[in-house]
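*Asks:* Residue numbers (the numbering used here): 4 to 612.
If you scroll down you'll find the structure; I have some questions about it.
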Amino acid sequence: MTGLIPQNFIDDLLDRTDIVELIDGRISLRKTGRNYSAICPFHKEKTPSFSVSPDKQFYYCFGCGAGGNAIGFVMEFEHLDFRSAVEELARKSGLEVPQDSQPANPMLQQKQKSLYEHLDRARQYYQQQLREHPQRQSAVAYLKKRGLTGEMAKAFGIGFAPPGWNNLQKALVNSDTDQPQLIDAGLLIAKDGSEETYDRFRDRIIFPIRDSRGRTIAFGGRVLGNEKPKYLNSPETPVFHKSKELYGLYEARQASNRITRIIIVEGYMDVISLSQFGIHNAVATLGTATSKEHLIKLFRMVSEVVFCFDGDAAGRQAAERALENAVPCMEDGRQIRFMFLPEGEDPDSLVRNEGKQGFDEKINEAKSLPDFFFDRLLEQTDTTSLDGKARLSKLALKKMQPLPNGLLRQLMLEQLASLTSLSVSQLQNFSATQESHKREGNTGSYTQGAGQPSARPGHRKPSIRQQRVQSPVEQAIALLLHMPQLVKLIKDKQLGELDIPNGRLLLDLVQLLKSSPTLTTGGIIGHWQGVDDREGYQEIARLSAIELPINNEQHLAEKLKGVLELLIKQKQEQNLNQLLEKSALSELSTDEKRELAQLLNQNLKQMPK
Ligand SMILES: [Zn+2]
């Protein structure tokens with residue numbers, strides 16, 4: 004639960020923050036014309052392609068596509084989530100972030116707050132036991148055997164849950180409300196049908212799991228005796244969602260502000276061992292495969308993720324699963340690689356034997372996602388025969404379907420072409436047929452508007468950083484971002500449903516500007532940050548950066564009118580195609596028949612004489 008921050012507060016905050024001042028405090032800006040420029044802090048470059056606009060109150064990098072308003076900058080630069088970035092800016096402006104405006108949420112927040120408090124008390128308790136409990140020796144001995152220094156144990160907050168069923172309970176339950184809250188926090192377990200409880204973690208080394216703000220949200224425990232399971236995690240709770248959290252991420256950020264790569268390893272001890280040898284950028288998932296959510300979270304921080312797997316069959320299998328989840332996240336500019344440890348080694352033994360440098364070398368040799376992708380497929384197919392090649396292209400295209408449009412997709416198609424001796428356009432046609440079959444199966448009626456290239460539905464953003472030509476939709480968005488008051492030219496419902504790439508985004512923007520016509524570009528970007536629409540946010544930032552050569556309202560208004568006409572025509576063509584297609588398959592309703600006649604009529608009038 005994120006807890007919504009009221010939009011008017013965000014607008015107010017952006018009003019009071021000067022983005023030039025904010026960014027200039029962190030990197031040095033140089034005035035160039037109306038804007039400021041700098042060497043981009045988000046990618047490596049020699050000549051400045053990072054620009055900050057004081058008028059529009061936003062920043063954009065023409066090199067890597069990073070862009071946004073003041074809140075976005077703080078998020079990216081400080082690696083903070085939305086709420087934390089708002090809190091930081093608010094502190095600077097002397098504002099207090101209002102609590103949740105929805106009536107149901109203050110209670111939830113209060114509950115979460117007390118869960119965090121209980122989890123933190125538990126963390127302190129476990130840490131204290133590692134220092135003081137009479138039976139702590141086995142835990143200390145284990146940590147020593149793994150070569151862990153006291154400093155590391157402290158940095159990661161490692162603790163000890165003593166043997167026995169009620170230690171934590173005795174230490175932390177002081178009032179009637181403590182017990183149910185400790186149950187909700189996953190620390191106590193209620194015995195069936197009674198009010199009695201027992202400690203979840205017993206006779207284990209305890210690893211606190213922290214969120215990106217450093218709050219303890221759960222624990223992992225490793226056995227000292229022969230009990231099962233060897234590793235035990237807290238259950239899902241209101242503050243802990245396994246598929247979203249990564250062990251060690253907070254600690255990695257603490258160790259360095261400038262991480263460009265994250266390594267995903269298997270367990271807590273791998274993370275800690277690597278950190279001990281100076282490799283601070285390793286994280287571990289918590290008993291789950293790496294999910295799409297994990298990757299999205301990581302790619303907010305870094306541009307490269309390296310998976311580190313055991314070299315055995317189980318490791319290969321885990322890698323396969325990771326690959327599947329990674330493919331949809333591969334936008335241009337992101338890199339994923341796969342590293343396999345030599346048989347019998349784990350990250351700990353490897354870094355011990357080969358040191359930081361040796362480990363780094365192994366990472367640098369890790370396979371790129373495309374290499375791993377094709378290697379796996381080639382293992383499963385025989386490309387010396389024709390049907391083997393056909394099978395390979397079929398399999399590869401199917402697995403590439405979730406891959407976003409962009410340079411990487413193009414390169415992988417080229418690689419597949421060379422493997423199968425087919426041409427890229429043959430593969431693209433094949434892939435389009437596969438998709439349209441799938442589409443027809445799902446919706447029955449989707450047809451591409453005439454004049455549209457075969458854009459892939461469901462992927463609004465064909466990473467347009469590479470794509471120079473702007474569609475009418477994008478031109479309309481860019482014009483509105485440049486001069487929001489032009490929204491008055493668009494009548495309600497005029498555009499209807501726009502079933503074309505970025506159509507939804509245009510409709511959302513129009514709706515937003517209709518309700519708040521005085522927003523600045525930075526303010527508009529702020530709205531997309533508040534809602535959970537990362538793609539929309541990036542598109543808005545990208546289109547905001549387009550410089551229009553003219554600033555004259557009348558001239559821009561004319562331009563927008565022209566673009567709107569184009570859009571409406573495009574939409575009519577789309578409707579016409581849909582109706583024609585439908586009429587070939589089934590009887591049209593009276594309304595549909597009337598619409599078809601009307602559209603055909605218009606279409607005839609528009610035909611070139
Ligand atoms: Zn950049």
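All residues carry an ideal CB built from backbone N, CA and C; glycine is no exception.
Predicted model, so just to flag it, every value in this text is computed and none were measured.
1. What would DSSP say about Q105, mapped onto helix, strand or coil?
2. Look up V55 in the DSSP assignment and give the residues it is bridged to.
3. Check whether the Cβ atoms of L602 and Q575 sit closer than 8 Å, and answer yes or no.
4. Grab me the residues of I467's own chain with a C-beta within less than 8 Å of its C-beta, minus the 5 sequence neighbours each way, in chain order.
5. Within the structure, which residues are defined as neighbours of ligand 1 by a Cβ-heavy atom distance below 7 Å, reported in chain order?
6. With a CB to CB cut of under 6 Å and the five nearest residues on each side skipped, what residues in its chain are close to V143?
7. Quick one: what's got a C-beta closer than 6 Å to L235's C-beta in the same chain, skipping five residues either side?
8. Under a three-way DSSP split, which group does I265 fall into?
9. Determine whether the beta carbon atoms of L25 and F76 lie at a separation below 8 Å.
10. Going by DSSP, name the residue or residues bridged to Q131.
11. Less than 8 Å between the CB atoms is what I'm expecting for P405 and P331, so what's the real figure, rounded?
12. For T35, count neighbouring Cβ atoms within 10 angstroms of its own Cβ and tell me buried if that reaches 16, exposed if not.
13. With 16 as the cutoff for other CB atoms within 10 Å, does W168 come out buried or exposed?
14. Output yes or no for whether 8 Å exceeds the beta carbon distance between K370 and R340.
15. In the DSSP assignment, what residue or residues form a beta bridge with Q213?
16. Whole-angstrom Cβ separation of Q184 and S237, contact assumed at under 8 Å?
17. So G314 and P350 are supposed to be a Cβ contact under 8 Å. How far apart are they, rounded?
18. Quick one: give me the first and last residue of the beta strand (DSSP E) that V308 is part of.
19. Under 8 Å between C-beta atoms, does F375 make it to chain B?
20. Does DSSP classify S519 as helix, strand or coil?
21. Am I right that Q132 and A164 are in contact with their C-beta atoms under 8 Å? What's the rounded C-beta distance?
22. I'd like the list of long-range same chain contacts for G318, defined as Cβ closer than 8 Å, with 5 residues on each side in sequence excluded.
23. Go ahead and pull the three-state DSSP assignment for L425.
24. In three-state DSSP terms, what is I339?
25. Please return the same chain residues whose Cβ sits closer than 7 Å to the Cβ of R124, not counting the five positions on each side in sequence.
26. For the 8 Å Cβ check, are there 3 or more pairs between the segment 284-292 and the segment 258-267?
27. So, for L563: in the same chain, excluding its five sequence neighbours on each side, which residues have a beta-carbon less than 7 Å away from its beta-carbon?
28. Are V354 and F302 closer than 8 Å when you measure CB to CB?
29. Does the beta-carbon distance from Y145 to F210 come in below 8 Å?
30. Following the continuous alpha helix (DSSP H) through I282, name the residue where it begins and the one where it ends.
31. For D363, which three-state DSSP category applies?
32. Are the CB atoms of F53 and I528 within a distance shorter than 8 Å?
33. Determine whether the beta carbon atoms of N308 and I262 lie at a separation below 8 Å.
34. T200 to K194, Cα distance in whole Å?
35. Any idea what DSSP makes of G525, helix, strand or coil?
*Replies:* Quick look at the numbers:
1. Along the sequence shown, read from residue 1 onward, the residue named residue 105 stands at position 102. Reliability fails at Q105, whose pLDDT of 48 lies under 50, so the model's placement of it is uncertain and no value is given.
2. To locate residue 55, count along the sequence shown from 1; it is residue 52. Y39 and Y62.
3. Here residue 602 is taken as the residue at index 599 of the sequence shown, counted from 1. Here residue 575 is taken as the residue at index 572 of the sequence shown, counted from 1. Going by C-beta atoms, L602 is nearer than 8 Å to Q575.
4. By one-based count along the sequence shown, residue 467 stands at place 464. A caution first: I467 carries a pLDDT of 33, below 50, which makes its placement in the model too unreliable to give a value.
5. C43, F45, H46, E48, S52, F53, C64, G66, C67 and A69
6. In the sequence shown, the residue the question calls residue 143 occupies position 140. Spatial neighbours of V143 in its own chain (CB-CB distance under 6 Å, excluding positions within 5 residues in sequence) are not present.
7. Taking the sequence shown and counting its residues from 1, the one referred to as residue 235 is at position 232. If we look at L235 and ignore the five residues flanking it on each side, its Cβ neighbours are G224.
8. As a first step, residue 265 must be located in the sequence shown, where it is residue number 262. Residue state, collapsed to three classes: strand.
9. For the purposes of this step, residue 25 is taken as the residue at position 22 of the sequence shown. For the purposes of this step, residue 76 is taken as the residue at position 73 of the sequence shown. Their beta carbons are under 8 Å apart, which means L25 touches F76 by this criterion.
10. What you label residue 131 is simply residue 128 of the sequence shown in a count that begins at 1. For Q131, which the question treats as bridged, DSSP gives no partner whatsoever.
11. Position 402 of the sequence shown holds residue 405. Position 328 of the sequence shown holds residue 331. Between P331 and P405 the Cβ distance is about 4 Å, and since that is below 8 Å, they are a contact.
12. As a first step, residue 35 must be located in the sequence shown, where it is residue number 32. Exposed, by the Cβ-count rule.
13. Mapped onto the sequence shown, residue 168 falls at position 165. Per the 10 Å Cβ criterion, exposed.
14. By 1-based counting over the sequence shown, the position of residue 370 is 367. By 1-based counting over the sequence shown, the position of residue 340 is 337. With contacts defined as CB atoms closer than 8 Å, K370 and R340 qualify as a contacting pair.
15. In the sequence shown, the residue the question calls residue 213 occupies position 210. Per the sequence shown, the amino acid found at residue 213 is Arg instead of Gln. The partner list for R213 (beta bridge, DSSP) reads T219.
16. In the sequence shown, the residue the question calls residue 184 occupies position 181. In the sequence shown, the residue the question calls residue 237 occupies position 234. Incorrect: roughly 14 Å between the Cβ atoms, too far for contact.
17. Residue numbering aside, residue 314 sits at position 311 when the sequence shown is read from its first letter. Residue numbering aside, residue 350 sits at position 347 when the sequence shown is read from its first letter. Between P350 and G314 the Cβ distance is about 12 Å, and since that is not below 8 Å, they are no contact.
18. In the sequence shown, the residue the question calls residue 308 occupies position 305. V308 -> beta strand (DSSP E) spans E307 to F312.
19. Absent from the structure is chain B; it holds one protein chain and no more.
20. Residue mapping note: residue 519 aligns to position 516 of the sequence shown, counting from 1. Three-state result, S519: coil.
21. Along the sequence shown, one-based indexing puts residue 132 at 129. Along the sequence shown, one-based indexing puts residue 164 at 161. Their Cβ separation, rounded to whole angstroms, is 7 Å, which keeps Q132 and A164 in contact under 8 Å.
22. On the sequence shown, position 315 is the one that residue 318 refers to. The residues are F312, F343 and L344.
23. For the purposes of this step, residue 425 is identified with residue 422 of the sequence shown, where counting begins at 1. When secondary structure is reduced to three states using DSSP, L425 falls in the coil class, being assigned neither helix nor strand.
24. Residue numbering aside, residue 339 sits at position 336 when the sequence shown is read from its first letter. Strand, per DSSP.
25. Stepping through the sequence shown from its first residue, residue 124 is reached at position 121. Cβ within range, chain order: L175.
26. These segments touch.
27. Indexing the sequence shown from 1 puts residue 563 at position 560. Correct list, in chain order: A479, L482, L489 and L492.
28. Along the sequence shown, one-based indexing puts residue 354 at 351. Along the sequence shown, one-based indexing puts residue 302 at 299. No, the Cβ-Cβ distance between V354 and F302 is not below 8 Å.
29. Locating residue 145 in the sequence shown gives position 142, counting from the first residue. Locating residue 210 in the sequence shown gives position 207, counting from the first residue. The Cβ atoms of Y145 and F210 do not sit closer than 8 Å to each other.
30. For this step, residue 282 is matched to residue 279 along the sequence shown. First-last for I282: undefined, no H or E at that position.
31. Taking the sequence shown and counting its residues from 1, one reaches residue 363 at position 360. In the structure shown, D363 adopts helical secondary structure according to DSSP, grouped into three states.
32. Mapped onto the sequence shown, residue 528 falls at position 525. Mapped onto the sequence shown, residue 53 falls at position 50. Contact: no.
33. One-based indexing of the sequence shown puts residue 308 at position 305. One-based indexing of the sequence shown puts residue 262 at position 259. A small correction: the amino acid at residue 308 is Val; Asn does not occupy that position in the sequence shown. Not closer than 8 Å, so no.
34. The residue labelled residue 200 in the question sits at position 197 within the sequence shown. The residue labelled residue 194 in the question sits at position 191 within the sequence shown. Going by the C-alpha atoms only, they are around 5 Å apart.
35. Reading the sequence shown from its first residue, position 522 is the one you call residue 525. Helix.
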